[in-house]
Amino acid sequence: MLTRRPFRAALLAVCALSLAAVATALWWFNRADDAPYAVSADGPQVTLAYDGDRPDEGVATFLSVLVQRLAAGDVKGVDALADGYPDGAGAARESSEFLRPLAASAAAGKVTAKVAGVEDARPLPQRLKAPGGGTSQADLTLADGKHLRVQLAREHGVWWGYALAPAG
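In terms of numbering that gives the first Met the number 0, the sequence shown is residues 0 to 167.
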């Protein structure tokens, strides 16, 4: 009888530690990392309005940073926003040519964004391996009526994206 109590206590301690380890692992894999970019207080002031529902805060921040960098003429800064996008870095380097002339349009006034809903069509094993994923796109209408489409992808809770050739 006396030997059962220490065994039970040890078993309960092992179970508690195991549960704590599982909870910590779940938290670690499902955490959202902070975005490595932010709206600059020193950059140009931009007004971003939404056609339809306002997207989640991560998409809104990403689009504000993109428009601010574009308005400042910081094409390399816009291209850097594709660094975390799967296979987006190559596409971003190609975007520099058509982004440069849009700087004045982005700085001219209000930019309107229409953002599609988030989808995550990845297979379940990939979702478990890299949680916090998804894709979307935003159509931006600059102050002078020029259009720009932005492909968006969320990796580990951080939004990345790159601009596609303007529609008009």
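C-beta: ideal position from N, C-alpha, C; glycine also.
Bounding residues of the alpha helix (DSSP H) (the contiguous stretch that carries residue i)
{"i": "A105", "result": "A102 to A106"}
{"i": "A79", "result": "V74 to A79"}
Test item: CB-CB of residue i and residue j under 8 Å
{"i": "G83", "j": "W159", "result": "yes"}
{"i": "A79", "j": "T60", "result": "no"}
{"i": "A106", "j": "A70", "result": "yes"}
{"i": "A137", "j": "L151", "result": "yes"}
{"i": "A142", "j": "Y49", "result": "no"}
{"i": "D102", "j": "G72", "result": "The question names Asp, but residue 102 is Ala in the sequence shown. Yes, the pair counts as a contact, with Cβ atoms nearer than the cut-off."}
{"i": "V74", "j": "S135", "result": "no"}
{"i": "S39", "j": "Q67", "result": "yes"}
{"i": "V114", "j": "P54", "result": "yes"}
{"i": "G108", "j": "D119", "result": "no"}
{"i": "L171", "j": "V157", "result": "Nothing about residue 171 can be read from this structure; the chain reaches only from 0 to 167."}
{"i": "S63", "j": "V45", "result": "yes"}
Beta-bridge pairing of residue i - partner residues as DSSP gives them
{"i": "D55", "result": "Paired residues: none, contrary to the question."}
{"i": "D138", "result": "K113 and R148"}
{"i": "A133", "result": "For the record, residue 133 in the displayed sequence is Gly; it is not Ala. Looking at the DSSP assignment, G133 forms a beta bridge with R153."}
{"i": "E118", "result": "T134"}
Start and end residues, beta strand (DSSP E) containing residue i
{"i": "V149", "result": "H146 to E154"}
{"i": "A48", "result": "L47 to Y49"}
{"i": "G160", "result": "V157 to L163"}
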